[in-house]
């Protein structure tokens, strides 16, 4: 069987690389049809006029058809589902190719996904076992029926799977991701992406983990799993030979949950790999010992999800955040004291967040300044607790909800003018996001003058704030930070045919 994966936007999908490796290990062929979606890349840039000029979707459709797949496989989050749906529709208008979709959007609303004739199957939950079973069944001449985790489209409506499979318990038993799949489309060397764990110990109400953790036969039990240090180092040592890198990015939701594992990892990583790396963490798992171990191992950057600095009651009861303001402050200060670059994420426009939370957050970051603040527009993800609550109360209108289900969403950075928020609130959110972007690079004496209200009155300056932040990240490369910004620029250069002066 020949399976063609299709992917859109900046970077690689580690899950798709792993699925490709599983299929190849079983003797099947895999290929990738890739749409960079320049200037609407689902990561940072959303420039509609340029995006239309560089639109390559028709070429991607041709590429899929030229590869002559036995199965077309797509993975989509809510901001990329509209693209996946459009691609599958165009492909099947020219040739009927069996098509399966997975990812967080399909996991949350599989029946809705299969109401569209673009897809034959939708995977709910982890896809390793489901996709391999589907391919093996089709290879035998079957119809892809009765497979765990796999919803099936039929004339009578979507057919649910007979059961949900348990989560993959032994992550070391999985093959190394197939990095060659994205190889022709990404810059050579540079940054290597890897995961050492799956799952998260928390279920924040705005996060896909709040619904994905319940897609297993065992419920949320066994959701948080970890690879052995041996397994992680074996992949990195293999990659150093076959996919040379200068920097490693660990994509775990929280890299530092297991203190004992981290102690073992720190010494051995330094000896066997030695490349600088970045990771994500949580304020409750960034005490002095953990930060010291990260520093010992060679970590140069830590990303910390803060998301809101509203009153503790809101964070605890509405968002189900378990970290405290004191823990966040200590985590930021400890990383800075140890010389680690600390970057935080903040969600703008959270439902129910008090207006005064903006000032509270700015005051907090003036007192405990991180190296970067990434401001992300709140996105309604299907299946999350906040979304379900908004639908129940009527806060999320049905017309807006239908557009979200169909993938007609503006993504992570752009406010949706059709959302229930007023134009004034959206302008203030833009000003608040700009203030967050600018604060770390603003001289200390001037930080008190950063005003969301003033920035909201000057849309051009607010729009320029993200560019200023990005430029600052590139400048930070000399100090070990900004590696993702550098990789992003190099990726754009490759897509546009610009020679890479770094020689990487």
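Residue numbers (our numbering): 1280 to 1783.
C-beta atoms are modelled at their ideal positions from N, C-alpha and C, and glycine is treated no differently.
- Burial state of residue 1635 is exposed, judged by a 10 Å Cβ sphere holding fewer than 16 other Cβ atoms.
- Look at residue 1341 here: in three-state DSSP terms it is helix.
- Residue environment for residue 1433: exposed (fewer than 16 other C-beta atoms within 10 angstroms of its C-beta).
- Pairwise C-beta distances place the region 1400-1417 in contact with the region 1367-1386, as three or more of them are shorter than 8 Å.
- In summary, residue 1642 is exposed, with fewer than 16 beta-carbon neighbours lying within 10 Å of its beta-carbon over all protein chains present.
- The beta carbon of residue 1370 is closer than 8 Å to those of 1340, 1343, 1344, 1351, 1376 and 1378 in its chain, skipping five residues each way along the sequence.
- The Cβ-Cβ distance between residue 1503 and residue 1478 falls below 8 Å.
- Counting every other CB atom within 10 Å of its CB across the protein chains shown gives residue 1777 a total below 16, marking it as exposed.
- The region 1446-1453 makes contact with the region 1404-1411; the number of CB pairs closer than 8 Å reaches 3 or more.
- Relative to the Cα of residue 1500, the nearest Cα in the group 1527, 1488, 1372 and 1572 belongs to 1488.
- If you draw a 10 Å sphere on the C-beta of residue 1585, you find 16 or more other C-beta atoms in it, and that means buried.
- Judged by DSSP in its simplified three-state form, residue 1461 adopts coil rather than helix or strand.
- Secondary structure at residue 1424: coil, using DSSP grouped into helix, strand and coil.
- The straight-line gap separating the alpha-carbon atoms of residue 1706 and residue 1654 is approximately 14 Å.
- Pairing residue 1563 with residue 1589 gives a Cβ-Cβ distance that is not under 8 Å.
- Excluding sequence positions up to five before and after residue 1582, its CB lies within less than 6 Å of the CB of 1559 and 1622, all in the same chain and listed in chain order.
- Residue 1651 and residue 1463 have their C-alpha atoms some 31 Å from each other.
- Under the three-state reduction of DSSP, residue 1540 is assigned to helix.
- Annotation for residue 1712: 1627 and 1654 place their beta carbon closer than 6 Å to its own, counting only its chain and skipping 5 residues before and after.
- The beta carbon of residue 1361 sits closer than 6 Å to the beta carbons of 1686 and 1687 from its chain, once the five residues preceding and following it are set aside; these are given in chain order.
- Between the beta-carbon of residue 1587 and that of residue 1595 there is about 11 Å, and that puts the pair past the 8 Å contact cut.
- Within the region 1636-1683, the complete beta strand (DSSP E) runs of at least 3 residues fall at 1651-1656.
- Restricting attention to 1591, 1574, 1604 and 1551, the CA atom closest to the CA of residue 1561 is found in 1604.
- Apart from sequence neighbours up to five positions away, the residues of its chain that approach residue 1381 with a beta-carbon distance below 6 Å are 1354, 1402 and 1406, ordered along the chain.
- Per DSSP, reduced to three states, the secondary structure at residue 1501 is coil, with no helix or strand assignment.
- Comparing alpha-carbon positions, the option among 1597, 1302 and 1609 lying closest to residue 1416 turns out to be 1302.
- Residue 1536 holds the alpha-carbon nearest to the alpha-carbon of residue 1566 among 1549, 1598 and 1536.
- The beta carbons of residue 1285 and residue 1366 sit closer together than 8 Å.
- With 16 or more other Cβ atoms inside 10 Å of its own Cβ, residue 1709 counts as buried.
- A buried status is given to residue 1630, since no fewer than 16 other beta-carbon atoms sit within 10 Å of its beta-carbon.
- Annotation for residue 1777: no alpha helix (DSSP H) segment contains it, and DSSP assigns it neither H nor E.
- Per DSSP, reduced to three states, the secondary structure at residue 1479 is coil, with no helix or strand assignment.
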